Amino acid sequence: MNNWSLPGLEVGGAAAGPRPVAWDGHGHRLLSGARLGGAVPPQAHLTQWGPLPGYSLEQLALRAQHYALLGAGGAAFPVHRKLRAMMNRRVGTVVINGAEGETCSGKDQVLLRHVPQLVLDGAELVVRATGCRRIVLRLSPGPGDTGRQMEHAIAARNATRSRGERLNISLSVGPDSFVAGEASAVVNGLFTGNAVPTGLGVPPRQPRRRAYVYLSNVETYARLAVAARGIDPGSALISLSGATQPRVTERAPTLRFAELLPFAQPHDIVITGGWHGAWLRAARLLDTQLTPAAVAAHGGRWGAGAFVLVPSEQAVAALIAVSQFLAQESAGRCGPCRLGLPQLAGLAARGDLEGARALAAEIGDRGACGHPSATSSAVVSALECVYPQRLQRSVAA
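According to my numbering, the sequence shown holds residues 1 to 397 in order.
In C-alpha cells:
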C-alpha cells in the first residue's frame, strides 16, 4: 500500500491527505433517497418521507428512546436524555453542529450536501417541541461549498411556506481546528467569539440572556427526523480514509468491515473512532459488523464513525504524526494540554509505552476539557498496537 496518506495530517514530511468528504453513492437509510448529483429538493424529500409530525418535547423524547437514539458526534449521549434536560427550561437557540474538527470525518458534510432537508427536519422538530424561535447552523471553513449549498436549501424550504412558518436559521462559520467542533467550544464560539471547549458537562446557556442552548450534530438531527416518523433510523454512516479511497458510505449494520476494506491485510492497523479513538490490528476488525457494540466488543471505538486504515509498515510514522497533531491542536488552556501533550508526543516518538502510560495516568481527568485525557488514551492505545511485544512484556511484568 504505497499510495496512502492521513487526512489533514502530514506524515514524515509528506503532504497531508484529503479529507473523506465525497459520498460513494451507497445509502441505506439517511441517504437512501439521495443522488450523487446534489441535494434532494424539498418536494422529492416530502414525497419520500412525508410531512413532518408535530410532537411535544416528551413525545419526541419517547420516539428517540424507543429507537435507542444516541448522539452521533462521538460521545454517544442518549438523545432522549438531552431532550428531557430541556423540560421546563427556556431554550433560546437550537444549534446544528456541522463543525467537523475531526479531519478523518466527513459524514456531516455529506448529509448537508445531499439530504439537507432531513437535517433541517430534525432541527425543526426540536424548535417546535421547545418553543425556540432561532436555529444556528455552525460550520467550519473546510473543503467544499457547504455553506452556500445550505443557504439554497433553506431558501427552497422557506419558499413554499407562509411567513409565520418559515425557519429562522442563520449560518455561522467557526475556526477550522480539531477542538473547535466540540459542543462547548461551538457554544463558546457562537456567543463569545472564543471557540475553546469548557468540558462542563451541563446544558449550555447563552451569556447575558441565560437561555439554554440545545445542540446536536448534523447526523443526530437527521436520525431524529427519521425516528420521529416511526422508522428505525439505524444504519452505519462511516468515513473511511488512509490506505483506501477517502469516502463516506452508508451501509446496513449487518455488513462487515472486510467488505469496506477488501485490500486490508491482517497486520495492518485500523484507527477506530477518529484521532481520539482506539488502534486495532485489522485482523481483529475485518470480520466485525458495522455497529458500535460490535466494534467495542473487539476493543475498538465507534466515536463519530471515522475509520483510518494504516499499512503495517507505516504504523510508526502514523503514530508519531497523530500524537504530534493532537498535541498541537489543543486549546492550550491548562497544564495537561500545554505541557503534558507535547511530552506525550515525545514519548510516542520514542516508542516508550511505560512512560506514556505513567504520564497518561498523571494527566487523568485534570484537563480543562476532555482533550488531554482522550488524547492520552488514544496515544497509549496506539503504542500498545504498534509495539505489541512491549505490551506483552508489560503484562508479564
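Where a beta carbon is used, it is the ideal one built from N, C-alpha and C, also for glycine.
What you are looking at is a predicted structure, and each value in this text was computed from that prediction instead of being measured.
{"Check": "Stretch pair the region 268-284 + the region 334-347: three plus CB contacts closer than 8 Å", "Outcome": "no"}
{"Check": "Run of the alpha helix (DSSP H) containing residue 188, from where it starts to where it stops", "Outcome": "183-192"}
{"Check": "Rounded straight-line distance, which links the Cα of residue 381 to that of residue 167", "Outcome": "45 Å"}
{"Check": "Whole-Å CB distance - residue 56 paired with residue 101, under 8 Å assumed", "Outcome": "The Cβ separation is near 34 Å, so there is no contact."}
{"Check": "Contact check, residue 327 vs residue 339, beta carbons under 7 Å", "Outcome": "no"}
{"Check": "Euclidean distance between Cα positions of residue 36 and residue 333", "Outcome": "42 Å"}
{"Check": "Through-space distance from residue 169 to residue 93, alpha-carbon basis", "Outcome": "10 Å"}
{"Check": "Distance, residue 133 Cα to residue 149 Cα", "Outcome": "22 Å"}
{"Check": "Bridge-paired residues (DSSP) for residue 88", "Outcome": "In DSSP, residue 88 forms no bridge with anything."}
{"Check": "Coarse secondary structure for residue 265, derived from DSSP in three states", "Outcome": "coil"}
{"Check": "Span of the beta strand (DSSP E) around residue 241", "Outcome": "236-242"}
{"Check": "Per-residue burial, residue 307 [other beta carbons within 10 Å of its own, 16 or more giving buried]", "Outcome": "buried"}
{"Check": "Validate contact between the region 58-68 and the region 215-231 using beta carbons, cut 8 Å, 3 pairs", "Outcome": "yes"}
{"Check": "Element boundaries [alpha helix (DSSP H), containing residue 157]", "Outcome": "146-159"}
{"Check": "Beta-carbon proximity of residue 196 to residue 107, cut-off 7 Å", "Outcome": "no"}
{"Check": "Outcome for residue 358 when other beta-carbon atoms lying within 10 angstroms are tallied against a minimum of 16", "Outcome": "exposed"}
{"Check": "Range covered by the beta strand (DSSP E) that runs through residue 216", "Outcome": "212-217"}
{"Check": "Residue from 309, 52, 317 and 114 with nearest C-alpha to residue 144", "Outcome": "114"}
{"Check": "Same chain only: Cβ atoms within 8 Å of residue 15, ignoring 5 sequence neighbours per side", "Outcome": "5"}
{"Check": "Burial state of residue 103, where buried means 16 or more other Cβ atoms lie within 10 Å", "Outcome": "buried"}
{"Check": "Through-space distance from residue 91 to residue 33, alpha-carbon basis", "Outcome": "32 Å"}
{"Check": "Residue 9 versus residue 163: straight-line alpha-carbon distance, rounded", "Outcome": "46 Å"}
{"Check": "Residue from 220, 255, 299 and 186 with nearest C-alpha to residue 77", "Outcome": "220"}
{"Check": "Meets three-Cβ-pair contact criterion under 8 Å: the region 279-291 and the region 260-268", "Outcome": "yes"}
{"Check": "Own chain residues within Cβ distance below 6 Å of residue 110, not counting five before or after", "Outcome": "23 and 248"}
{"Check": "Residue 307 - DSSP class collapsed to helix/strand/coil", "Outcome": "strand"}
{"Check": "Touching by the beta-carbon criterion (3+ pairs, under 8 Å), the region 308-326 and the region 236-253", "Outcome": "yes"}
{"Check": "N-terminal and C-terminal residue of the alpha helix (DSSP H) that residue 170 is part of", "Outcome": "Per DSSP, residue 170 belongs to no alpha helix (DSSP H); it is in the beta strand (DSSP E), 169-173."}
{"Check": "CB contact flag (residue 286, residue 386, <7 Å)", "Outcome": "no"}
{"Check": "Neighbourhood of residue 267 by C-beta distance below 8 Å, restricted to the same chain and skipping five residues each side", "Outcome": "281, 282, 283 and 312"}
{"Check": "Extent of the continuous beta strand (DSSP E) to which residue 58 belongs", "Outcome": "From DSSP, residue 58 is part of no beta strand (DSSP E) but of the alpha helix (DSSP H) over 57-66."}
{"Check": "Nearest-angstrom Cα separation, counted from residue 182 out to residue 190", "Outcome": "12 Å"}
{"Check": "Separation of residue 87 from residue 158, as counted between CA atoms", "Outcome": "28 Å"}
{"Check": "Paired residues, beta bridge with residue 135 - DSSP", "Outcome": "94 and 169"}
{"Check": "Residue 70 versus residue 222: straight-line alpha-carbon distance, rounded", "Outcome": "12 Å"}
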